[in-house]
Structures are given as structure tokens and as C-alpha cells.
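Each residue of the sequence shown is one higher than the one before, starting from 1 at the first, in the numbering used here.
By construction, the Cβ of each residue, glycine as well, lies at the ideal position given by its N, Cα and C atoms.
What follows is a set of notes on a single structure, which appears directly below.
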Amino acid sequence: MLSDAEIYQSADLLIEEHGLDASSIATMRAGELLIDGNMDGYRMWKRIVMVIDNVAVFGPPPHELPN
Numbered sequence: 001m002l003s004d005a006e007i008y009q010s011a012d013l014l015i016e017e018h019g020l021d022a023s024s025i026a027t028m029r030a031g032e033l034l035i036d037g038n039m040d041g042y043r044m045w046k047r048i049v050m051v052i053d054n055v056a057v058f059g060p061p062p063h064e065l066p067n
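Here it is as C-alpha cells:
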């Protein structure tokens, strides 16, 4: 299981690489893992999706804002 920091790092990388498509790509990966029966992987990717969606709505966490 990834730590919260690793989940945020993963979400950040996906946003950097895929921009507005990051959430869709992460959701597709979660779905693939669910179909394969990999519940731990599914839950991990759903956490990443939640972070990506929160960043899209609310912006980055305060500690990531530029000074």
C-alpha cells in the first residue's frame, strides 16, 4: 500500500504527463485492476483518482503553492 505522500506524487506525475486526461487514465487503470480482481491495486488507483479530482476542483494543497 502506498503512503499518502506517494499517492499525491503519483497523482502529480499523472497530471504533469496527461493534463486534463489524468483522471480518465487513472480511472481506466483502476477499472482494469478491478476486472483482474486486484482489489488492492484498484483501491490504490481510486485514491489517485480522488486526489486528481480534488486538485482539479480545489487546486493544489497549500504546501504546493508557489511562494
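Environment of residue i [buried if 16+ CB atoms lie within 10 Å]
{"i": "residue 44", "result": "buried"}
{"i": "residue 49", "result": "buried"}
{"i": "residue 30", "result": "buried"}
Close-in-space but distant-in-sequence residues of the same chain around residue i (CB under 7 Å, 5 per side omitted)
{"i": "residue 52", "result": "11, 14, 15, 22, 23 and 26"}
{"i": "residue 34", "result": "42"}
Nearest residue (CA-CA) to residue i, options the options
{"i": "residue 28", "options": "17, 40, 46 and 55", "result": "46"}
{"i": "residue 59", "options": "8, 17 and 40", "result": "8"}
{"i": "residue 57", "options": "4, 6 and 20", "result": "20"}
Chain-order list of residues whose beta-carbon lies under 6 Å from that of residue i (same chain, five-residue window excluded)
{"i": "residue 1", "result": "none"}
Endpoints, alpha helix (DSSP H) assigned at residue i
{"i": "residue 28", "result": "22-35"}
{"i": "residue 50", "result": "39-58"}
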